[in-house]
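A short worksheet on the structure shown next.
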Amino acid sequence: MDLFQPGPADLRSLRERAPVHRDGRTGLWLVSRYDDVRAVLADPRRFRPDNALTAVVPIPGPVLRELARAGFSLPPTLANNGTPTHAALRRLVARFLTPARVASAGPRIAELTAARLAGLTGVVDLHPALARDLPAVVLLEVLGIRDVDVAALKAWSTASLELFWGDVSPARQRELAGPAAAFHRWLTGRIEAADPRGDDLFGALRARGVPLREAAGLCYFLLIAGQETTTQLLCAAFHAVLRHGDLWSRLPEPGLAAACVEEVLRREPPVTTWRRVAAERVVLSGVEVPAGAPLLLMLAGAGSDPGAFEDPERFCPGRPNARAHLAFGHGRHFCLGAGLARLEAEVVLRETALRFPRLRLASADPPPVLGLLSFRAPLTVEVDLGDRDGPAGEAATRRLVAPGGVGRR
Numbered sequence: 001m002d003l004f005q006p007g008p009a010d011l012r013s014l015r016e017r018a019p020v021h022r023d024g025r026t027g028l029w030l031v032s033r034y035d036d037v038r039a040v041l042a043d044p045r046r047f048r049p050d051n052a053l054t055a056v057v058p059i060p061g062p063v064l065r066e067l068a069r070a071g072f073s074l075p076p077t078l079a080n081n082g083t084p085t086h087a088a089l090r091r092l093v094a095r096f097l098t099p100a101r102v103a104s105a106g107p108r109i110a111e112l113t114a115a116r117l118a119g120l121t122g123v124v125d126l127h128p129a130l131a132r133d134l135p136a137v138v139l140l141e142v143l144g145i146r147d148v149d150v151a152a153l154k155a156w157s158t159a160s161l162e163l164f165w166g167d168v169s170p171a172r173q174r175e176l177a178g179p180a181a182a183f184h185r186w187l188t189g190r191i192e193a194a195d196p197r198g199d200d201l202f203g204a205l206r207a208r209g210v211p212l213r214e215a216a217g218l219c220y221f222l223l224i225a226g227q228e229t230t231t232q233l234l235c236a237a238f239h240a241v242l243r244h245g246d247l248w249s250r251l252p253e254p255g256l257a258a259a260c261v262e263e264v265l266r267r268e269p270p271v272t273t274w275r276r277v278a279a280e281r282v283v284l285s286g287v288e289v290p291a292g293a294p295l296l297l298m299l300a301g302a303g304s305d306p307g308a309f310e311d312p313e314r315f316c317p318g319r320p321n322a323r324a325h326l327a328f329g330h331g332r333h334f335c336l337g338a339g340l341a342r343l344e345a346e347v348v349l350r351e352t353a354l355r356f357p358r359l360r361l362a363s364a365d366p367p368p369v370l371g372l373l374s375f376r377a378p379l380t381v382e383v384d385l386g387d388r389d390g391p392a393g394e395a396a397t398r399r400l401v402a403p404g405g406v407g408r409r
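The numbering used here puts the first residue of the sequence shown at 1, with every later residue one more than the last.
In structure tokens, the structure reads:
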């Protein structure tokens, strides 16, 4: 199977026939059953996160030197940090993503959604029109980071994802190193210039005395993962809901949009795999894994494990154990942005359905898909918006522009 483009049948075959085995091409040990994946994520002593951000294809010397000239480095910070410094850095970032702070962003998300939907007609691609930039704007506002060229941030982000998680040639690595280095230089400059008395993440890092190298490394992947994966979730959610009968028209029902988001996270998570290193010899599903073995945890495969979810291939919003999936990880490294991603996807789905209740996919053909080792999602969302005139569309428009947005519901 191609680890960069696995299908449901591939994941099912892994779970049933080879739940723990070494992939000859990559050298990664694939772990695909829910219980095994959860156990690995829950035990940071035996399964360390050191390789979580390591480039899948080793970066050659000339490219490494180009990155080094830009001061690029990725010290242990959050996702790849198994050291005692992890807890303090995590607490610092968590201050900006508390449940109350996330919930207060709901009206703003609705406002941004309404602004991007306004004026759309006919057949459009909701990826550039809505899903691409909105998560970046929301994340930057939540973190208090101002005066950012969002288009540049998205270009830096997509290049970085491909550089570190793509099946890329040396020539392509050289191309991608430029924007990755530019992003790191920009971060370093912004953090150095930040006011430690400020209310933003950069200022908080300065105030806490976090060394510049660590601060830049932390922000590098936080500003990538914190918005790229939400863009991917939005695209996957649109496709998933629109493929299921009358579900789209029912999205305004209380709780249904949120329930649909959980099913997408379970069945089609944007983060399909994640990595760990076995710190000692371990046994998983009866298979002995040697110390030092790099593990690839099949998060998407775990979400469709019949041992954890009844009738797992069925899209079933509101299933009793909906949040038991591992799309955001588990344990000490559980995703800090999970609440924000869930809220964004829920609000965007619901507000779009209210504005365009007859929206449908423009084609039955499958869309092109982002296929990186740990990230997979549709790259386009071509839809026919349908007729937005009439009482339903007018009422939705009036409510969307009312002061307070979703807070007035």
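Even glycine gets a Cβ: it sits at the ideal position worked out from N, Cα and C.
Is F309 helix, strand or coil by DSSP? One-based indexing of the sequence shown puts residue 309 at position 309. If DSSP states are grouped into helix, strand and coil, F309 belongs with coil.
Which one of G337, G386 and G371 has the shortest CA to CA distance from P99? Taking the sequence shown and counting its residues from 1, one reaches residue 99 at position 99. Taking only the C-alpha atoms, the option nearest P99 is G337.
Under 7 Å Cβ to Cβ from P49, same chain only, skipping five residues before and after it: list those, please. Along the sequence shown, one-based indexing puts residue 49 at 49. If we look at P49 and ignore the five residues flanking it on each side, its Cβ neighbours are A79, N80, N81, G82, R276 and H333.
Identify, in the order they occur along the chain, each residue of the same chain with its Cβ nearer than 8 Å to the Cβ of A242, setting aside the five sequence neighbours on each side. Reading the sequence shown from its first residue, position 242 is the one you call residue 242. Note that residue 242 is Leu in the sequence shown here, rather than Ala. The residues are W248, L359, R360, L361 and V383.
L187 and A177 look like a contact to me (Cβ under 8 Å); what is the Cβ gap, rounded to whole Å? Counting from 1 along the sequence shown, the entry for residue 187 is found at position 187. Counting from 1 along the sequence shown, the entry for residue 177 is found at position 177. About 16 Å separates the two Cβ atoms, so there is no contact after all.
Scan the stretch 8–32 and note each continuous alpha helix (DSSP H) run of 4 residues or more that stays entirely inside, going in chain order. 8–17
Suppose contacts are defined by Cβ-Cβ distances below 7 Å. Is G329 in contact with Y34 by that definition? If you number the sequence shown from 1, residue 329 lands on position 329. If you number the sequence shown from 1, residue 34 lands on position 34. For G329 and Y34, no; Cβs fall outside 7 Å.
First through last residue of the alpha helix (DSSP H) which encompasses V40: Here residue 40 refers to the residue found at position 40 of the sequence shown. Here the alpha helix (DSSP H) through V40 covers Y34 to A42.
Same chain, Cβ closer than 6 Å to R388, five either side skipped, listed in chain order: Taking the first residue of the sequence shown as position 1, residue 388 is located at position 388. Confidence at R388 is low in this model, with a pLDDT of 48, below 50, so the placement of that residue is unreliable and no value is reported for it.
Compute the distance between the beta-carbons of A237 and L112, then report whether it is under 7 Å. Position 237 of the sequence shown, counted from the first residue, corresponds to residue 237. Position 112 of the sequence shown, counted from the first residue, corresponds to residue 112. Contact: no.
Could you pull out every residue in the same chain whose Cβ sits closer than 6 Å to the Cβ of G226, ignoring the five residues on either side in sequence? Your numbering for residue 226 matches position 226 in the sequence shown. Cβ within range, chain order: L139 and G337.
So, with DSSP's three-state summary, where would you put V381? Residue mapping note: residue 381 aligns to position 381 of the sequence shown, counting from 1. Here V381 sits in coil by DSSP.
Compute the distance between the beta-carbons of A302 and V40, then report whether it is under 7 Å. Along the sequence shown, read from residue 1 onward, the residue named residue 302 stands at position 302. Along the sequence shown, read from residue 1 onward, the residue named residue 40 stands at position 40. The answer is no: Cβ separation not under 7 Å.
Within 7 Å, strictly: CB atoms of E346 and A259: Numbered from 1 along the sequence shown, position 346 holds the residue referred to as residue 346. Numbered from 1 along the sequence shown, position 259 holds the residue referred to as residue 259. Not a contact, by the Cβ cut-off of 7 Å.
Residues bridged to M298 [DSSP beta-bridge criterion]: To locate residue 298, count along the sequence shown from 1; it is residue 298. In DSSP, M298 forms a bridge with T273.
From the DSSP output, read off the bridge partner residues of E288. Locating residue 288 in the sequence shown gives position 288, where the first residue counts as 1. In DSSP, E288 forms a bridge with V283.
Nearest candidate by alpha-carbon position, reference D200, set R108, R95, F183 and E310: Along the sequence shown, one-based indexing puts residue 200 at 200. Nearest C-alpha to D200: R95.
With 16 other CB atoms within 10 Å as the buried threshold, where does R17 fall? Position 17 of the sequence shown holds residue 17. Burial call: exposed.
Using alpha carbons as the reference points, say which of A159, H21 and S13 lies closest to V287. Taking the first residue of the sequence shown as position 1, residue 287 is located at position 287. If we check each option's Cα against that of V287, H21 comes out closest.
Name the residue from E313, A129 and E214 whose alpha carbon lies nearest to the alpha carbon of T231. Your numbering for residue 231 matches position 231 in the sequence shown. For the residues E313, A129 and E214, the minimum Cα distance to T231 belongs to A129.
C-alpha distance - S157 paired with A180, whole-angstrom precision: Position 157 of the sequence shown, counted from the start, is the residue given in the question as residue 157. Position 180 of the sequence shown, counted from the start, is the residue given in the question as residue 180. The straight-line gap from Cα to Cα measures roughly 8 Å.
Check the DSSP bridge columns for G371 and list the partner residues they point to. Here residue 371 corresponds to residue number 371 of the sequence shown, with the count starting at 1. Beta-bridge pairing links G371 to R376.
Between which residues of its own chain and V210 is the CB-CB distance below 8 Å, once the five residues before and five after are set aside? For the purposes of this step, residue 210 is identified with residue 210 of the sequence shown, where counting begins at 1. Excluding residues within five positions, the ones whose Cβ falls inside 8 Å are L89, L92 and L218.
Reduced DSSP category for R101 - H, G, I as helix; E, B as strand; rest coil: The sequence position of residue 101 within the sequence shown is 101, counting from 1. Here R101 sits in helix by DSSP.
Where Q5 falls, given that 16 or more other Cβ within 10 Å makes a residue buried: The count along the sequence shown starts at 1 and reaches residue 5 at position 5. By the neighbour-count rule (16 or more Cβ atoms within 10 Å), Q5 is not buried but exposed.
Is V381 near L67, with beta carbons less than 7 Å apart? Walking along the sequence shown from the start, residue 381 turns up at place 381. Walking along the sequence shown from the start, residue 67 turns up at place 67. Going by C-beta atoms, V381 is not nearer than 7 Å to L67.
Taking the straight line between their C-alpha atoms, what separation do you get for P76 and E214? Stepping through the sequence shown from its first residue, residue 76 is reached at position 76. Stepping through the sequence shown from its first residue, residue 214 is reached at position 214. Roughly 7 Å between the two C-alpha positions.
With 16 other Cβ atoms within 10 Å as the buried cut-off, status of G7: Counting from 1 along the sequence shown, the entry for residue 7 is found at position 7. Classification for G7: exposed.
Expressed to the nearest angstrom, what Euclidean distance is found between the alpha-carbon atoms of F202 and D365? Your numbering for residue 202 matches position 202 in the sequence shown. Your numbering for residue 365 matches position 365 in the sequence shown. Rounded to the nearest angstrom, the two C-alpha atoms are 44 Å apart.
Alpha helix (DSSP H) runs contained entirely in the stretch 243–267, provided each spans 4 or more residues: 256–267
So, for V271: in the same chain, excluding its five sequence neighbours on each side, which residues have a beta-carbon less than 7 Å away from its beta-carbon? As a first step, residue 271 must be located in the sequence shown, where it is residue number 271. Closer than 7 Å at the Cβ level, and outside the excluded window around V271, lie T229, L299, A327, S374 and F375.
For the alpha helix (DSSP H) containing V150, name the first residue and the last one. Numbered from its first residue, the sequence shown carries residue 150 at position 150. Its alpha helix (DSSP H) spans residues V150 to W165.
One question on the structure: do A105 and V63 come within less than 7 Å of each other, judged by their Cβ atoms? Residue numbering aside, residue 105 sits at position 105 when the sequence shown is read from its first letter. Residue numbering aside, residue 63 sits at position 63 when the sequence shown is read from its first letter. Going by C-beta atoms, A105 is not nearer than 7 Å to V63.
Between V148 and the rest of its own chain, which residues show a CB-CB distance below 6 Å, the 5 nearest in sequence each way excluded? To locate residue 148, count along the sequence shown from 1; it is residue 148. Correct list, in chain order: L140.
For P135 and C335, the rounded distance between their alpha carbons: Numbered from 1 along the sequence shown, position 335 holds the residue referred to as residue 335. Numbered from 1 along the sequence shown, position 135 holds the residue referred to as residue 135. Near 16 Å, if we compare the C-alpha coordinates of P135 and C335.
To the nearest angstrom, report how far apart R12 and P19 are at their CA atoms. Position 12 of the sequence shown holds residue 12. Position 19 of the sequence shown holds residue 19. The alpha-carbon atoms of R12 and P19 are separated by roughly 9 Å.
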